[in-house]
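Student: One structure follows; several queries about it will come next.
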């Protein structure tokens, strides 16, 4: 599987809420971030959790989110970030810049 | 190789059913009974052996904070090594002869004058165990997992660490296959120190971003 | 709906920043979990899923390794490594032996 995204791409985490074993944290669903790096390709934990092989491996990315974009009342002047590993099937392309 | 049907594979197992830290004379807690029973059944069925359990405990105990601390000390004294470590945490460790890293994918994140990194696993307790052994209890605690992504500066303050407004705090939530180690900043007052002396002031908390090493810690840090 | 274990960003009280060394029984749980992994009888993901499936009250009330041993036994029964009956009988046996020890060492 060749990666859909590259470092620097803006992406949005899909706002989906399936049951089961999910490694995309609730707090980041629907949020916009930027690809910090491609980590490689790994088997899908959502399937591995049930004893299946989780194949095909798919790209895993580290994505950098501005904390002020994640939490409504995070100190707005701060450039603090939260970096999270998210699998490609949870990501959609986002607009380059946020329009406010 | 099979063990006797009624599991007393080692004499000292007898003593372990009466746990020293449970000296109140009361019965062994339900889940500690479950631990003994589960392990004995697995031994009886030939799935594990007592020696394997003992060796695995030993392996984990040996892995404390020193391996990570030595990697940090090397990175502080050798800029080319540091660059390689930051590019690939695992191969950096392997260069130093740390080769029992199992399936570890290690990302080393560097603290600088402008950036302070903090590690968490909000979903469970992911930690670079093949490198550093078992994580500290606070790292696995529910309050830490809940709060540090949302208010890292407040949580770090509880560790006694106050960060200026112009330092960027980066929280790394270890959600998938990567594991993280913070490369702290080398403190002032350590010029000319040996790698051994430098490693001695790098605690586990420093490699998680909950503390920063200080020259004045020399001789004070114990096992952690 | 947010699963109970997926707790990033929810409120809580102060962090206990002290370090407690694991008890020996806890190190044994950790060791058994690792050995099962090495022998391909338990994957990290299966282990996590079992922990996540614990009732929220148990998740909050139990200590870290208490969650682990409970989840491990659920997994081993589900996998057919031993039966609930075998485990129950062995646990009763352990309790009997331990009660005798307490009597003896009183």
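Protein chains in written order, with our numbering: chain H, 1 to 100; chain P, 1001 to 1224; chain Z, 2001 to 2106.
Glycine residues also receive a C-beta, built at the ideal position from the N, C-alpha and C atoms.
All values reported here derive from a predicted model rather than from experimental measurement.
To the nearest angstrom, how far is it from the Cα of residue 1065 (chain P) to the Cα of residue 1078 (chain P)?
Tutor: The alpha-carbon atoms of residue 1065 (chain P) and residue 1078 (chain P) are separated by roughly 20 Å.
Student: Given this structure, state the Cα-to-Cα distance separating residue 2042 (chain Z) from residue 73 (chain H), to the nearest angstrom.
Tutor: Cα-Cα distance, rounded: 41 Å.
Student: Give the secondary structure of residue 975 (chain P) by DSSP, where H, G and I count as helix, E and B as strand, and everything else as coil.
Tutor: Residue 975 (chain P) cannot be examined here, being either before or after the span of chain P that is shown, 1001 to 1224.
Student: Confirm, please, whether the CB-CB distance from residue 2009 (chain Z) to residue 70 (chain H) is below 9 Å.
Tutor: Contact: yes.
Student: What three-state label does DSSP hand residue 39 (chain H) in the structure shown?
Tutor: In this structure, residue 39 (chain H) counts as strand in the three-state DSSP scheme.
Student: Between the region 2006-2026 of chain Z and the region 1042-1050 of chain P, can you find at least three pairs of beta-carbon atoms closer than 8 Å?
Tutor: Result no; under three Cβ-Cβ pairs closer than 8 Å.
Student: Residue 84 (chain H) by DSSP, collapsed to three states: which one?
Tutor: DSSP places residue 84 (chain H) in strand when its eight states are reduced to three.
Student: Around the Cβ of residue 1150 (chain P), are there at least 16 other Cβ atoms within 10 angstroms (buried) or fewer (exposed)?
Tutor: That one is buried.
Student: Could you tell me the boundaries of the beta strand (DSSP E) in which residue 92 (chain H) lies?
Tutor: Looking at the DSSP string, the run of the beta strand (DSSP E) that includes residue 92 (chain H) is 91-93.
Student: When Cβ atoms are compared, which residues of the region 2002-2019 of chain Z fall closer than 8 Å to chain P?
Tutor: So the list reads 2005, 2006, 2007, 2008, 2009, 2010, 2011, 2012, 2013, 2014, 2015, 2016, 2017, 2018, 2019, given in the order they occur along the chain.
Student: In its own chain, which residues sit with a C-beta less than 8 Å from the C-beta of residue 2054 (chain Z), not counting the 5 before and 5 after it?
Tutor: Excluding positions up to five away in sequence, the list reads 2062, 2067, 2070, 2071.
Student: Write down every uninterrupted run of the alpha helix (DSSP H) in the region 2048-2080 of chain Z whose length is 4 residues or greater and which is fully enclosed by it, in chain order.
Tutor: Counting only runs of 4 or more, we get 2056-2061, 2064-2079.
Student: Rounded to the nearest angstrom, what separates residue 1121 (chain P) and residue 2105 (chain Z) at their Cα positions?
Tutor: Going from the Cα of residue 1121 (chain P) to the Cα of residue 2105 (chain Z) covers about 43 Å.
Student: Suppose you measure from the CA of residue 1021 (chain P) to the CA of residue 1030 (chain P); what does that come to, to the nearest Å?
Tutor: A caution first: residue 1021 (chain P) carries a pLDDT of 49, below 50, which makes its placement in the model too unreliable to give a value.
Student: I believe residue 1032 (chain P) touches residue 2031 (chain Z) by the beta-carbon criterion, under 8 Å. Please report the beta-carbon distance rounded to the nearest angstrom.
Tutor: Actually they are not in contact, since the Cβ atoms of residue 1032 (chain P) and residue 2031 (chain Z) sit about 15 Å apart, beyond 8 Å.
Student: If we call anything under 9 Å between Cβ atoms a contact, is residue 1086 (chain P) one with residue 1198 (chain P)?
Tutor: The answer is no: Cβ separation not under 9 Å.
Student: Report the three-state DSSP secondary structure of residue 44 (chain H) (helix, strand or coil).
Tutor: Coil at residue 44 (chain H), not helix or strand.
Student: Do you know how far the Cα of residue 1126 (chain P) is from the Cα of residue 31 (chain H)?
Tutor: Those two C-alpha atoms are separated by around 23 Å.
Student: Can you list, in chain order, the residues of its chain whose CB lies under 6 Å from that of residue 1089 (chain P), leaving out five sequence neighbours each side?
Tutor: 1106, 1107, 1108.
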